[in-house]
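Since the structure comes first, as structure tokens, the remarks are kept for the end.
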Amino acid sequence: MATLFSTIIAAALVNNLALVQLLGVSTLFSFSRQFSATVELALLSFLVLFPAACINLLLHALILQPLGLEFLQLFLFVSVSAGITALLGQQLVKLFPLLARRHIRAVLLMCSNSAVIGLSFLQSTSLSSLPIKLVYSFGAAAGFAISLLVFAALRQRIDQGSSPAALRGVPLYLISAGIASMALLGFAGLV
Amino acid sequence: MTPLAENLFFQLLVGGSLLGSLLCAIAWGVAGLRKRLQEQRFLVDRINSILPQTQCGRCGHPGCRPYARAIATGEAINRCPPGGDRAIRRLSLLLNEARVPLDPAHGEIESAKVAVIREAECIGCTKCIVACPVDAIIGAAKHMHTVIASECTGCDLCIEPCPVDCIDLVERAPAFRYWSLAALATDPLSGEPCHD
Amino acid sequence: MMKQRLASSSPMQFFPLQTSQIMLLVILATLPAMLVATWFFGYGVILNVLFATLVGVLCEATISRIRGRSVRATLADNSCLVTAVLFGMTIPPGTSWWLIVMGMVFAIALVKHAYGGLGQNTFNPAMAGYLFLLLAYPLDMTSWHLPAAAMNFNSASSPLGWQGFLQSLGCLFPFLPLLGDSLTVDGLAMATPLIESKLAAGNAIKAALEEGTGLFARSSETGWELINFAWLLGGLFLLVTRLISWHIPLSMIASTLIMSLLYYSPSAVAVLGTPYLHLFGSATMMGAFFIATDPVSAATGSRAKIAYGIIIGVSLYSIRVWGSYLDAVAIAVLFGNFCAPLLDRLLAPRKYGHPGLFSKLLGDITTGKSSP
Amino acid sequence: MIRQAFSDLFERLGSTSRRGIRPATLRESSLRSRIMPTPIPRELILSLQHYPDTSAKDVSSMKPCVEVGEWVAKYQLIAREKGPNATRLHAPTSGTVQAIEEIPPAVNGQRARLAIRLLTDTDERELPLEPPSDYRSLAPEQMIQLIEDAGICGMGGAGFPTATKVRDALEKGVKTLIINGVECEPYISCDEALIRERADLTVQGAELLQAACLADDCVIVIDNAMPAARQALKEKLQGSAIKLQVVRRRYPAGDERQLVKAVCRREVPNDGHPTDIGVLVQNIGTAVAVYEAIVHAKPCISRIVTLTGSALLTPKNFDAPIGTPVQHLLNLCGVNENQHEFTIRGGSMMGQYLMDQAAPIEKTTNCIIASNNAEIPEREAEQACIRCGYCEQACPAQLQPQRLLASIRNEEWQDTVELGLDDCIECGACAVVCPSRIPLVSYFRAGKEIHNEDHSAQRQSRHWQERFQFHQYRIKKNQEKARSAKVAAQSAGEEQGFSRDQARMEISAAVERVRRRREALARETGHGEEKS
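Same order as they appear, the protein sequences are chains H, X, S and G.
Numbered per the numbering used here, the first sequence spans residues 683 to 873.
Numbered per the numbering used here, the second sequence spans residues 51 to 246.
Numbered per the numbering used here, the third sequence spans residues 604 to 975.
Numbered per the numbering used here, the fourth sequence spans residues 229 to 760.
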């Protein structure tokens, strides 16, 4: 129980993909104009991140490693995540036209998102056991989705302010992300 | 003596309650999602309900619904002058797109209009009656026509067909508005903006 | 005059307190802690605060000038003073002037005015400035230069004497030829007000056990309790006058207390600390009453405030005990600030006549749509 | 100054359990004397537009049924309601109708409205009243009819027609009738004076109202700052089934929804009325007017108005005829001209500055404050919001004014809907406690106006959509008809038949058009009635 918990905390908070590892930061800034849209985007990104990381992990552990084909991993990771995004996008268009109209670009760009690939790479080099890696993937994906939500709420507050024109928008988001990173850095060593 | 937090029973308790609340949250999320997804089906209807329904065709489509269909498949949202900023704002929220100014190629934002027939000049040709998309013009052949003001959308489709040019578009009286945000934004004492 | 009045709207009566006066009252509430800290650590504390205020005011004036705003109006809200006082009290007394300048400029320029000035910053300026310094200059921020007298409470001279004042001034401005060779400043790596139990725990408990609590013995090791009580006193003043609401302090202190009770084990006191130490042996009181409650960067709304306090309290304890950083309050508060907008959104109060979260939840689950 | 600040802060200390604020009460001066009858002024101005006060499209909600130059007797009906949301108007005294004309707006945000100018004579000749022989045996519907005939509207503030409200309650079935005697505004004392001096009428009015709406029980609610009224009510209520409840003085405790929550511990649904949860709320002044209407069949021609403020020599309560110019009442109190800088209609919390001293007292006017800058200082310049949350603690609708403000300033209308801008009751508690002196209520009013425009635009577009769909349907049908006619003509092979068919079609189309025109006209007028 304690290991499970600490793994999730480690993945979601201490090694947060977006704000500590700085992977997939573009998703934080570019695709979430309103909060309700970000909730959907967070869900979609979780739906891409978690299965992709799991499949990548399993393929890596069950096929690449035994066969000694680890040089293929980048190719494999990219094609798996592209396949998952394509599948998701297709289903969206078919079943949920409004959702697709709102997020199709973000979802398609996620196939080459560094968060997906980066998570898979981090996992493939880590030494922990396969179940722990799967739990870690879950935590990391959930942490990414939650940081999307937190940042969307923060962005809305920032946009409401009367900041100087030169700093309005992305510069201020970057400053905020920096300060937030500083705070999350403080959690280092927690697990 | 181990701390309370390392007690197995305590851990199970906390873990169980956390898991339980997680499950509850998921159940809620799924239920909420189901509701939201039910709204998904009628994308064209939802877009159409935002458009002003003047049926003026200035967007390049023969009516509001065709334009809504086009928007659903990816057309720009800023081609509706009668809808103006309000429609663009609501469409951008619905479709999660950037708020863009109105496309000037399709006309400019105007205040609401209403068509008025100069009744003395009307020859009763019924051409405008045929053209009106909302049946707001009444009158019979060879008789004077008139516009039901409350039904008129101000689409100007009746102007073109009129052979004697006896139809005018006049501005509707704007809604009574007293409190203005612009006035609030300036300091009454110094006249400077209170916040920028 | 009369015309404007006619154009204005109800209500026509107001409570007499204004923002600037509230800020002054907050500063008033910090006075006990400032005095106690001075009593223990010498004039360095007050000098820090004064110098930080000077830098802060200059910085704020410059920026509002650049932004084309009325300098007088910007300074008149007194918010910069509160930032300066809190910042000055968190950094170690006896640091050099440039550290204060960097921290204050970071706090005012980047954390406050970049976001649009008072009321619009999402992070607490004082804490962000402090954390910036801690990450950038860890050694300077953990070295405490105290007058000789404050180091050794058996010494004959008082740190509050003339000698102590000159020594403190010399620490702040090392280039001043104040005392010549007679300047004897003890450099000591130890806890700042925010860096606590890891280093201070063993010493404080040892001192308390061996020498009795010795509340008024002027010792940098046992002084923390008194300083915390002073913060608590100031905090209670704020509570009683209802300048702050009880939600944040109470939930933050309670969650810290519960965490430390859960993990309390007499055999591991040196590592995990005692509940008493977690509450009064460090900066918990200051954080709970003065830093986390900064209205601009905190959550608003009572439910959101409670969640915000719990997040800060739990991360405070976690960082202190398991984290690798020494400072906990600043990090925990900044993390809380980061979460605050989301908490505001998710835990907004139930509007009158609207279904509450629970009934909405039930309605969602049972019918698939929210009840009216 | 600082002492005042502290005492106010401690005052707030007591208000933890419920939202709202506790401004100091300032009713004493106007309660020193008894309610004064008002000498009839030379001219009465009877406004024909009273509900709703500000946003109506029309200049009048009543139709005058007298002519210019006509002589009217006291109690004579002079205007009838046009739609469901208006009441009738009776002549408060005898006199000649001098004019029916538009008068300028009395306060901010109001439009010009139609009014009857009545030149009074001194004889006060009245129509004979026809009171029911035994008012105790009247059926509820008859009582409501009497209330409607008397033209009574809510005396508390909004002025909703009482008969409509009671009828609605009767249809839905109510459990509790609440008689609202809580006055939460600092200055207004008309309700307190009324209870103090006419407690028996109040109680009888409450009993009649209870009989009219068939409520199970009836509660008279007053606040704890009116001991004399409490004593008087206690005496009159001995042996009565009506209960007396005393709530803590707090602003805005007298608001209908707050009162329901305080008495029944239930909240009124946001999109409903108190009658939806089985509660009917009526003001204490309304109860007295109902008594007069049912027992004596006397129409509502006067009301109690508080005149107060530091510019008046003798503040007091008046029993003023509807239509009395404010100036007339001010003169009766004696104005210290040096002190008098402005006049407020309504209380200091929800009232508005009076633009014209000649404006009349209306059925909803409860207070006139003549004051100056020393007593009611002007709002200081607006400063930045520091999100202190005091407004949130004060908001009786449990909204988050600070977040609403940010959304309104940034014109994020979607968010303002979610944050409940439409639930704001504009009580002003948030603006009172704001340390940054932000005129929050003005922002909310501006936001609401834009909301309203949005809503009406949406309604309009929905309507147009229906019309367009019908248009398309009609064209399709006509085409089909034409095609079938053509087919028939071809089969007959007769050119003549074809032209006859066409003629028939044209005739039927013309008939159709006329029918639709009638329908449209009917709908239009129907709309007009609904709106007014």
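Note that the Cβ used here is the ideal one computed from N, Cα and C, for glycine as well.
Model, not experiment: these values are computed from the prediction.
Closest to residue i by C-alpha separation, out of the options, would be which residue?
i                      : options                       : result
residue 761 of chain G : G:291, G:567 and G:559        : Since the first residue of chain G shown is 229 and the last is 760, residue 761 of chain G is not available in this structure.
residue 864 of chain H : S:906, S:732 and S:834        : S:732
residue 630 of chain S : S:779, S:879 and S:685        : S:685
residue 362 of chain G : G:342, G:524 and G:418        : G:524
residue 678 of chain G : G:542, G:404, G:394 and G:642 : G:642
residue 319 of chain G : G:636, G:590, G:398 and G:423 : G:590
residue 449 of chain G : G:440, G:465, G:441 and G:436 : G:465
residue 410 of chain G : G:372, G:479, G:369 and G:365 : G:479
Take the Cβ of residue i as the centre, count every other Cβ of all protein chains shown within 10 Å, and call the residue buried at 16 or more, exposed below.
i                      : result
residue 293 of chain G : exposed
residue 309 of chain G : buried
residue 669 of chain S : exposed
residue 732 of chain H : buried
residue 75 of chain X  : exposed
residue 775 of chain H : exposed
residue 350 of chain G : exposed
residue 416 of chain G : buried
residue 701 of chain G : exposed
residue 673 of chain S : exposed
residue 613 of chain S : buried
residue 807 of chain S : Below a pLDDT of 50, predicted positions are generally treated as unreliable, and residue 807 of chain S, at 48, falls in that range; the measurement from the model is reported next regardless. Buried, because 16 or more other Cβ atoms sit within 10 Å of the Cβ of residue 807 of chain S.
Can you round the beta-carbon distance between residue i and residue j to whole angstroms, since I take them to be within the 8 Å contact cut?
i                      : j                      : result
residue 936 of chain S : residue 890 of chain S : 6 Å
residue 726 of chain S : residue 706 of chain S : The Cβ separation is near 14 Å, so there is no contact.
residue 681 of chain S : residue 615 of chain S : Going by Cβ atoms, the distance from residue 681 of chain S to residue 615 of chain S rounds to 26 Å, so no, they are not a contact pair.
residue 110 of chain X : residue 129 of chain X : 7 Å
residue 786 of chain H : residue 765 of chain H : Residue 786 of chain H to residue 765 of chain H, Cβ: 16 Å. No contact.
residue 516 of chain G : residue 430 of chain G : 6 Å
residue 689 of chain S : residue 729 of chain S : 4 Å
residue 163 of chain X : residue 101 of chain X : Actually they do not touch by this definition, with Cβ atoms about 17 Å apart.
residue 607 of chain G : residue 673 of chain G : Contact doesn't hold; Cβ gap of about 15 Å is too wide.
DSSP three-state label for residue i, please.
i                      : result
residue 944 of chain S : helix
residue 410 of chain G : coil
residue 853 of chain H : helix
residue 958 of chain S : coil
residue 264 of chain G : strand
residue 324 of chain G : strand
residue 402 of chain G : coil
residue 167 of chain X : strand
residue 239 of chain X : For residue 239 of chain X, the pLDDT reaches just 48, beneath the cut-off of 50, and the residue's location in the model is therefore unreliable, leaving the point undetermined.
residue 611 of chain G : coil
residue 228 of chain X : coil
residue 307 of chain G : strand
residue 473 of chain G : strand
residue 580 of chain G : strand
residue 797 of chain S : Unreliable placement is indicated for residue 797 of chain S, whose pLDDT of 41 sits below 50; no coordinate value is reported for it.
residue 437 of chain G : helix
residue 748 of chain H : helix
residue 766 of chain S : helix
residue 415 of chain G : coil
TODO: Tell me, please, whether the segment 881-889 of chain S touches the segment 829-849 of chain S by the rule of three or more beta-carbon pairs shorter than 8 Å.
DONE: yes
Open item on the list: Quick test of the definition: if touching needs 3 or more C-beta pairs under 8 Å, does the segment 89-103 of chain X touch the segment 891-906 of chain S?
Closed with: no
Open item on the list: Can you confirm whether the segment 684-692 of chain G touches the segment 658-666 of chain G when touching is taken to mean that 3 or more C-beta pairs between the two stretches lie within less than 8 Å?
Closed with: no
- [ ] Spell out a yes or no on whether the segment 633-640 of chain G and the segment 587-606 of chain G are touching, meaning 3 or more CB-CB pairs, one atom from each, closer than 8 Å.
- [x] No: fewer than three Cβ pairs fall under 8 Å.
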